[in-house]
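Trainee: Chains as they are written, first to last, in the numbering used here: chain A, 254 to 1046; chain B, 8 to 344. Dropping the structure in here first, questions after.
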Ligand SMILES: [Zn+2]
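Quick look at the structure:
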């Protein structure tokens, strides 16, 4: 919402400049988003009277005008506006003036005629977006006068960013009330005087409310003999500075009064009613109605209708009807001022998908007791500016008066919650400043005006006091209080350790969207039970990820396309699995992806293509962190190349999968290089993590190493060799390290040479050569006997 | 064999080795002393002829002499080595270091860790909650009226009539209150969702940190204390704070907190949109209706809660102007933090 600074100054006295005012209002919760000078660009614009207007010989749609700026000055201006005519007054921008769009006016030749300035529309002056024709200036204003001064355009526009609870601030008086609370000076409400005609309104129109819950109050006045025309400039200006388009004097006045006091009004062309009657009721589902924007709308029983007893004339509180709209020919109007319940307006808005200034105010919560003031204020303006004769009396249908709420406030509670030392009178002054009626006492009794439907409890009053008192004046406490034990869970510790370990090995952590493309997700996991979003933002962001792998592949794809040689990424995140009629199962996983070459960019290393063993390196790291064993065993997982597809298990429990991504999947992600993926159930890992290590005393006797290299069939896995070694050895064999795998010269085709370092150690003595030779020979015999291995010297 | 003769042999060897200038001369030296018929070898072989009572002493001397001559040889070989094989090598100290590069934590994790660590240090315990929530936990229990606009399909992702993707981390408050009796002091990070078109300024997924403390006599002043302490720890002790009244259904009184722009010191710049202030979080005293939903007596207990957007804080800290970068995971981006 926008309100002009000058307008606020008319409603309440204060001596604060616009920028300071914005800061002060923001500090009490009436947030000002911006302050803009209205007339920043209006230098060198004067008021000109058009005294001659002749066709341009060179161009059909242009006119050559003589514009008078005072007694002796005339200028020649070429103008193409449709409404240019002799006798009218319009703004003339002189050379040097800067028009909207940063156009500087110059004296220039247009089709052979020199134009000495520009006659302007409101849009060109930046006053509104109306570029339909020249801005019409009141003929009473002197020619040659400076536009800014003559039209009182030295003003600032304050744009408010109000929180949804503050419906009371959606008007100039509402904002003035906030200023009044800040400064202590009272609001000056406009006085209203109507010279009523003899005709009694009540005899001319009958009002009935069928849905008193949706419409607790409906009041109307009858105004006859109005002349529809342009509004006076001061009303136009109020609307313009609030960003509302000017239509005609009747509609403008209803909008003006709404801006002034927050009460939406509606003017009907009363002659279009089929009978002199107003009935407020719910629409029938499926009923059709054309609103004044020309759109035919299908209604439901969530929509409140204003009818004339026969058919609808407006959608209550949201928008008027096309048929009963005020037009140039309108003579008699029925002026509505009603109070609609916020929840019916909300449901109606949702059903229709239709918002309006009126709807916003009713939905946030209007004031049932400002209805008559607004009605009279508008009627008096219509009397004055549209020549209307206001029939006597108001027809006011208000079956159950809405009374102000009374609340008890405990001053001690205020100070207890805010840790302040405010006195009761200070609190009372603040509440009175906001126009609350207050009865002092040990507990203060507060009558809440009906324009504050948001205040229903003591805590709401405490907030009002706190914000006006000033958050900055509330002290800053420095105490811990409560329990100081802040345990860290094993999962937290493990998460941090694991992430640190991953980045230490060169992996980048990634964070991907947990909402994914159903096509890619089902490609990666054909059997995935993914959770589907009912109202997705698009078809390719519809499923909650059941796995981290599609996201990882997406990131690999994106980076490989940038010629990155080494892609090593991991993610720890939530995945979801759908269940019927139950909330999905959420679990944490860790996933990683590698592609390209390791150490790709360092001169000291020879880059090697990534392979399964790089994934195994990560597994070994995790084993070390967790202090338990992880195993991989071949399996047939669809996403992986069948020659390189593995389950990851621990103690027989499946905790994940890894392998080389199948070519078909790579194609779907437009990846041309090999990718290796791993995904594990993070919760299962964390659960098994023991947290902290337990010390084992260091060996006191030296270890003895023996190397052994075996030449063996290609198909024999190192794991089986190590197993045979361990079985043949005694408890003194502490560790078996694979230190070389070799294929090539001196090794027959179909065989490989694998070299092991065996480490022997005993806790209570130094082992002798003889003891070790003994075991070593047994190992050699077993390798030969069980695996057909040959020793390589 | 006497003591003086071992010393004599060593002295002679020391002077002879100096004279060796070629590998051939060094090899001749080696043969002369340590070869099969060399002086030291002969000395060791001769031990058998020595009287048993002297054998040990002489043996030690001979072994010592052997190792001294060996080290003379090694030093000489090393001194000649470089000159012998190639032309001299100059160390190129401008080459990049030899290493496997580190990875990096994602900037969101870095930001999240730093924030939670600060609160952890102030006595907040970490808690987590589910990303799929019920209407009750996400809205109803947090005092959102039944027809609050945030519940609209336009703002919230639904997966069924009652289940939705949490729009904030605040449901964790209620879940923790249900589990515990005051005092409860918790920091709760997590992923949250909003049904919004993806743009430079908004993404359908984002992260929040929620903090809350409920106990006897917790006041607005305590809230100010903890938030100011956080902001000055995180952004620097010289930042100024601005507390603005605001509105959230689950806190009352509510506030939004700004810090003076740490880039321009409050003078106004591009990052603070020339206002000099940067909004960092929303907070307030927990609304009595939230307590009512979990059977805490609002007359006995009071508490505060606050929440902040991690992407926003990370964007401020690193001057990132497009939120989508966080979720694209371009390594050239991730490598910058
Ligand atoms: Zn700045």
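Every residue gets a Cβ at the ideal spot worked out from N, C-alpha and C, and that includes glycine.
1) Give me the DSSP bridge partner(s) of residue 659 of chain A.
2) Is there contact here, the segment 625-637 of chain A with the segment 443-452 of chain A, by at least three beta-carbon pairs under 8 Å?
3) Pick from A:497, A:847, A:526 and A:294: whose alpha carbon is nearest that of residue 822 of chain A?
4) Would you kindly check if the distance between the Cβ of residue 346 of chain A and the Cβ of residue 371 of chain A is under 7 Å?
5) Given that a residue counts as buried once 16 or more other Cβ atoms are within 10 Å of its Cβ, and exposed if not, what is residue 215 of chain B?
6) Quick check: does the Cβ of residue 278 of chain B come within less than 6 Å of any heavy atom belonging to ligand 1?
7) Would you say the beta carbon of residue 270 of chain B comes nearer than 6 Å to a heavy atom of ligand 1?
8) Looking at the structure shown, is residue 541 of chain A part of a helix, part of a strand, or coil, going by DSSP?
9) Under a CB-based cut-off of 7 Å, is residue 730 of chain A close to chain B?
10) Would you check if there are 3 or more beta carbon pairs closer than 8 Å linking the segment 838-857 of chain A to the segment 157-169 of chain B?
11) How many Å lie between residue 959 of chain A and residue 992 of chain A at the Cα?
12) Along chain B, in chain order, which residues have C-beta atoms closer than 8 Å to that of residue 420 of chain A?
13) Roughly how many whole angstroms lie between the Cα atoms of residue 10 of chain B and residue 21 of chain B?
14) Would you say residue 95 of chain B touches ligand 2, meaning its beta carbon is less than 6 Å from a heavy atom?
15) Could you name each continuous beta strand (DSSP E) segment of 3 residues or more that falls completely within the segment 978-1041 of chain A, going from the start of the chain to the end?
16) Check residue 298 of chain B in the structure and name its three-state DSSP category.
17) For residue 214 of chain B, list the residues DSSP reports as bridge partners.
18) So, helix, strand or coil for residue 907 of chain A, using DSSP?
19) So residue 603 of chain A is in the alpha helix (DSSP H); what residue range does that whole segment cover?
20) Return the bridge partner residues of residue 856 of chain A from the DSSP annotation.
21) Using a beta-carbon distance below 7 Å, is residue 870 of chain A in contact with chain B?
22) Indicate whether at least one CB of chain A lies closer than 7 Å to the CB of residue 332 of chain B.
23) Does DSSP put residue 260 of chain B in a helix, in a strand, or in coil?
24) For the segment 671-699 of chain A, list every residue whose C-beta sits within 9 Å of some C-beta in chain B, in sequence order.
25) Just to make sure I have the definition right: I need the residues of chain A whose C-beta is within less than 7 Å of the C-beta of residue 70 of chain B. Which are they?
26) Going along chain A, which residues have a C-beta under 8 Å from residue 229 of chain B?
27) Let me know the secondary structure DSSP gives residue 373 of chain A once reduced to three states.
28) For residue 8 of chain B and residue 82 of chain B, I'd like the C-alpha separation in whole angstroms.
29) Can you name, in chain order, every residue of its own chain whose Cβ lies under 8 Å from the Cβ of residue 205 of chain B, other than the five neighbours on each side?
30) Would the segment 682-694 of chain A and the segment 637-655 of chain A be scored as touching if the rule is three or more Cβ pairs under 8 Å?
31) So if DSSP puts residue 419 of chain A in a beta bridge, which residue, or which two residues, is it bridged to?
32) In whole angstroms, what separates the C-alpha of residue 891 of chain A from that of residue 754 of chain A?
33) Between the segment 855-868 of chain A and chain B, which residues of the former have a C-beta closer than 7 Å to a C-beta of the latter?
34) Below 7 Å between beta carbons: does that hold for residue 604 of chain A and residue 555 of chain A?
35) Under 8 Å Cβ to Cβ from residue 810 of chain A, same chain only, skipping five residues before and after it: list those, please.
Mentor: So, from the listed chains and residues:
1) A:700
2) yes
3) A:847
4) yes
5) buried
6) yes
7) yes
8) strand
9) yes
10) no
11) 12 Å
12) Those within 8 Å of residue 420 of chain A in chain B number zero; the least Cβ separation is about 12 Å.
13) Note that residue 10 of chain B has pLDDT 47, beneath the 50 cutoff, so the model's placement of it is unreliable and no number is given.
14) Because ligand 2 does not appear in the structure shown, any question about it cannot be addressed here, the ligands present being ligand 1.
15) 986-995 and 1004-1013
16) helix
17) B:198
18) strand
19) 595-605
20) Looking at the DSSP assignment, residue 856 of chain A forms no beta bridge with any residue, so it has no partner.
21) no
22) no
23) strand
24) 671, 672 and 673
25) The premise fails here: residue 70 of chain B is roughly 22 Å from chain A at the closest Cβ pair, so nothing lies under 7 Å.
26) 672, 730, 732 and 734
27) coil
28) Note that residue 8 of chain B has pLDDT 46, beneath the 50 cutoff, so the model's placement of it is unreliable and the number below is only indicative. Between residue 8 of chain B and residue 82 of chain B, the C-alpha separation is close to 28 Å.
29) 211 and 331
30) no
31) DSSP output for residue 419 of chain A lists no bridge partner at all.
32) 30 Å
33) 855, 856 and 857
34) yes
35) 922, 923 and 924
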